[in-house]
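Per full-length UniProt numbering, the sequence shown starts with residue 1, numbered consecutively.
The C-beta atom is built at its ideal place from N, Cα and C for all residues, glycine as well.
Remember, it's a predicted structure, so these values are computed and weren't measured experimentally.
For reference, the structure is listed below as structure tokens.
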Amino acid sequence: MVKQQKKNNRKKRSSKGFTANSAKARKINASTEYETCDEQLSPYGGLLAVIKFFDLVKFKEIFNYAYQRPSRRPKLGHYSMVVGILMLLFIGFNRLWHFTYLRLDAMLCGFFRLTRLPVASTFWRYMDSLGINQANSFLNIMSILRERVWQLCGIKYFRIRINIDTTVETLFGNQQGGRKGHNRKNRGKKGYRPVLCFIEETREYLMGKLRKGETISGKESATFIAKIKDHLPGCVQQVLVRADGEFLSWESVAAAIEAGFEFIIANKGCKPPFDSEGWYRPWKRKDIEYNSCIYKPMGWGIECRFVAMRIPKEKDKKPGQAIQCMLFEDDRYTYRIFCTNLSGKPHVIIDEYDKRADVENLVGEAKREGLDAIPSAKFKNNYAFFQVVMLAYNIWRYLKIMANNSIKKDRSDTIDSTSHGLKGIMDNTIRIARLKLLYIAAKVVRNSNVDKVKYSIHDARTPGMLNFFKFLDASRLKAKPWDDGSNWPYRFAIA
1 MVKQQKKNNR
11 KKRSSKGFTA
21 NSAKARKINA
31 STEYETCDEQ
41 LSPYGGLLAV
51 IKFFDLVKFK
61 EIFNYAYQRP
71 SRRPKLGHYS
81 MVVGILMLLF
91 IGFNRLWHFT
101 YLRLDAMLCG
111 FFRLTRLPVA
121 STFWRYMDSL
131 GINQANSFLN
141 IMSILRERVW
151 QLCGIKYFRI
161 RINIDTTVET
171 LFGNQQGGRK
181 GHNRKNRGKK
191 GYRPVLCFIE
201 ETREYLMGKL
211 RKGETISGKE
221 SATFIAKIKD
231 HLPGCVQQVL
241 VRADGEFLSW
251 ESVAAAIEAG
261 FEFIIANKGC
271 KPPFDSEGWY
281 RPWKRKDIEY
291 NSCIYKPMGW
301 GIECRFVAMR
311 IPKEKDKKPG
321 QAIQCMLFED
331 DRYTYRIFCT
341 NLSGKPHVII
351 DEYDKRADVE
361 NLVGEAKREG
371 LDAIPSAKFK
381 NNYAFFQVVM
391 LAYNIWRYLK
401 IMANNSIKKD
411 RSDTIDSTSH
421 GLKGIMDNTI
431 RIARLKLLYI
441 AAKVVRNSNV
451 DKVKYSIHDA
461 RTPGMLNFFK
471 FLDASRLKAK
481 PWDDGSNWPY
491 RFAIA
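Spelled out as structure tokens, the structure:
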């Protein structure tokens with residue numbers, strides 16, 4: 001039997017490099033031609049996620065219920081004016097005059113159903129009509145919004161940690177309320193000294209206010225701590241308050257005790273007598289020692305517990321130099337003392353307080369988002385703008401939480417999420433999150449009398465963004481937890 005063989009039986013060489021792309025490479029140089037087009041384009045394609053988020057949480061319903069309207073009556077309505085300023089801050093602009101660059105943006109004009117946005121002075125006149133009453137209503141809006149987002153995302157903390165801190169906003173003009181105070185970067189300059197309060201678990205802004213540029217008093221800090229309970233979600237039953245030494249006073253301690261809060265406040269001015277035999281070292285290889293005592297400072301109503309940590313001072317000794325011993329034992333150590341009502345080992349309590357350090361990053365991020373931009377010479381306008389900035393800050397937090405939940409859903413649906421465009425967004429700052437969620441080119445088209453937003457398939461962020469849109473759309477179609485009579489403990493239900 002004769003077997004027939006092919007004449008050309010040589011093995012083909014397998015290419016070990018990249019396969020050739022069918023798309024032809026572009027050629028752009030100095031002589032490349034250019035022209036205009038009649039299509040509506042927008043660099044802020046991620047604004048569609050914000051629009052879907054507003055519809056998901058029924059933001060307009062929250063606004064109409066909690067917002068206290070000023071005397072000015074804008075033609076577009078109060079909701080459109082406030083949301084316009086929120087969109088400006090969300091995009092990354094923190095000056096009202098920056099509306100000049102957004103008047104013809106396709107996404108914003110489509111959201112407000114306008115061919116072009118009003119001039120910047122229209123928003124400025126509306127901001128000039130806002131005051132302290134509107135600022136307080138923004139806090140109420142944030143409280144309702146927080147509870148709804150927690151319900152949607154399945155967040156139900158029984159115990160939370162709250163970090164309180166103050167910062168400095170330097171003033172370069174004659175704004176009302178400016179005072180000379182503690183300002184390390186601009187010594188001698190006037191400024192504001194706002195106080196901010198953040199939730200450790202979700203890194204969101206809870207409450208705060210703009211203040212004169214003076215150190216906060218004991219009475220003022222006590223009033224601030226007493227108001228924290230009014231803005232907590234209904235599921236929260238236990239609160240740990242952590243604050244620096246600026247808040248230590250009998251008034252603030254008494255307010256925390258009366259509200260039923262646990263607290264750790266850094267010491268400032270008190271000198272508790274610690275037992276010299278009570279110092280101990282939890283780690284043998286470290287020279288750090290801890291102690292605690294019960295002490296009643298002068299003017300305080302009751303005795304409180306103080307915990308301390310002392311660290312030996314390092315001395316740079318040159319070769320051949322004699323050692324100079326300290327006369328008193330306290331001179332050889334650096335002390336860190338805290339007032340608390342927690343029970344437990346001192347080193348455990350101080351380790352718990354040290355986790356508060358992240359609040360400095362949150363305050364710095366909030367200042368970059370617009371707190372440093374003082375829009376007016378009137379204190380009441382700046383007071384309201386402060387809360388608008390923090391509302392935009394919280395909206396970014398909630399979008400990041402929901403984007404992270406969409407990634408988890410993709411993982412549960414056996415979709416490969418290792419190359420997900422939104423991976424790690426919870427750990428990103430808002431500036432980085434804008435690159436993933438907002439600054440995506442989009443084209444607004446109209447076909448069959450229906451407006452559509454199109455994204456490029458050549459953008460690596462498009463698949464992750466579309467999955468996020470599907471997640472938001474699926475959530476919008478479900479029954480809302482605040483409408484179906486769930487067992488979630490409400491505190492800010494809308495009648």
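What are the partner residues of residue i, as DSSP defines its beta bridges?
i: Phe263; result: Val241
i: Glu169; result: Tyr192
i: Ala442; result: Ser42, Tyr455
i: Asn394; result: BP columns for Asn394 are empty, so no partner.
i: Glu289; result: Arg310
i: Phe338; result: Ala266, Val307
i: Asn447; result: Val450
i: Phe386; result: Answer by DSSP bridge pairing: none, since Phe386 is not bridged.
i: Phe198; result: Asn163, Tyr205
i: Tyr280; result: Tyr290
i: Tyr333; result: Pro312
The alpha helix (DSSP H) that contains residue i, what's its start and end?
i: Arg431; result: 430-437
i: Asp128; result: 120-128
i: Glu365; result: 359-366
i: Leu477; result: 462-477
i: Thr223; result: 218-227
i: Ile62; result: 59-66
Where does residue i land, buried or exposed, given buried means 16+ other C-beta within 10 angstroms?
i: Arg397; result: buried
i: Leu477; result: exposed
i: Ile337; result: buried
i: Arg332; result: exposed
i: Gly344; result: exposed
i: Ser80; result: buried
i: Thr36; result: exposed
i: Glu277; result: exposed
i: Ser475; result: buried
i: Thr418; result: Any reading at Thr418 needs caution, since the residue's pLDDT is 47, under 50, leaving its predicted position unreliable; the model's value is listed next. Exposed.
i: Ser406; result: buried
i: Ala433; result: buried
i: Val348; result: exposed
i: Leu435; result: exposed
From which residue to which residue does the beta strand (DSSP E) around residue i run?
i: Tyr353; result: Counting along the chain, Tyr353 falls outside any beta strand (DSSP E), though it belongs to the alpha helix (DSSP H) covering 346-354.
i: Lys454; result: 450-455
i: residue 552; result: The structure shown has nothing for residue 552, since the chain only spans 1 to 495.
i: Gly208; result: 205-209
Could you have a look at residue i and say whether DSSP puts it in helix, strand or coil?
i: Lys378; result: coil
i: Ile494; result: coil
i: Lys163; result: Sequence inspection shows Asn at residue 163; the Lys mentioned does not correspond to that position. Strand at Asn163.
i: Pro489; result: coil
i: Asp32; result: One detail in the question is off: residue 32 reads as Thr in this sequence, not Asp. It is coil, neither helix nor strand.
i: Lys409; result: helix
i: Ile155; result: coil
i: Asp109; result: The residue asked about is misnamed: residue 109 is Cys in this sequence, not Asp. Cys109 falls in the helix class under three-state DSSP.
i: Ile294; result: strand
i: residue 498; result: Nothing can be reported for residue 498: it is not among the residues displayed for the chain, which extend from 1 to 495.
i: Arg179; result: strand
i: Tyr101; result: helix
i: Trp482; result: coil
Taking 6 Å as the cut-off, does the CB of residue i come closer than this to any heavy atom belonging to the ligand ATP?
i: Phe123; result: In the structure shown, the ligand ATP is absent, as is every other ligand, since no ligand is present at all.
Less than 7 Å between CB atoms is the rule here; does residue i satisfy it with respect to chain D?
i: Asn394; result: Considering every chain present, this structure includes no chain D. It has just one protein chain.
| task | Examine the Cβ distances between the segment 219-227 and the segment 290-304 and report whether three or more of them are shorter than 8 Å. | result | Counting Cβ pairs under 8 Å, fewer than three are found: no touch.
| message | If contact is defined by three or more beta carbon pairs under 8 Å, each pair taking one atom from either stretch, is the segment 374-390 in contact with the segment 133-148? | response | Contact between the segment 133-148 and the segment 374-390 is present: 3 or more CB-CB pairs across the two stretches fall below 8 Å.
| query | How do the segment 86-99 and the segment 156-172 stand: do at least 3 beta-carbon pairs fall below 8 Å, yes or no? | reply | No: fewer than three Cβ pairs fall under 8 Å.
| message | Contact between the segment 360-373 and the segment 107-123 is defined here as three or more beta-carbon pairs at a separation below 8 Å; is this criterion met? | response | Segments in contact, no.
| query | Does the segment 120-131 come close enough to the segment 462-470 to have 3 or more Cβ pairs within less than 8 Å? | reply | In the pairwise beta carbon analysis, the segment 120-131 is classified as not touching the segment 462-470: fewer than three pairs are separated by under 8 Å.
| said: Within 8 Å, do at least three Cβ pairs link the segment 195-204 to the segment 151-160? | reply: Result yes; three or more Cβ-Cβ pairs closer than 8 Å.
| Given 8 Å, three or more beta-carbon pairs between the segment 437-448 and the segment 27-42 | The answer is yes - the segment 27-42 touches the segment 437-448, with three or more Cβ pairs under 8 Å.
| field | Meets three-Cβ-pair contact criterion under 8 Å: the segment 175-188 and the segment 208-221 | value | The answer is yes - the segment 208-221 touches the segment 175-188, with three or more Cβ pairs under 8 Å.
| Contact between the segment 260-268 and the segment 235-247: three or more CB pairs below 8 Å? | With the cut-off at 8 Å, the segment 260-268 and the segment 235-247 touch.
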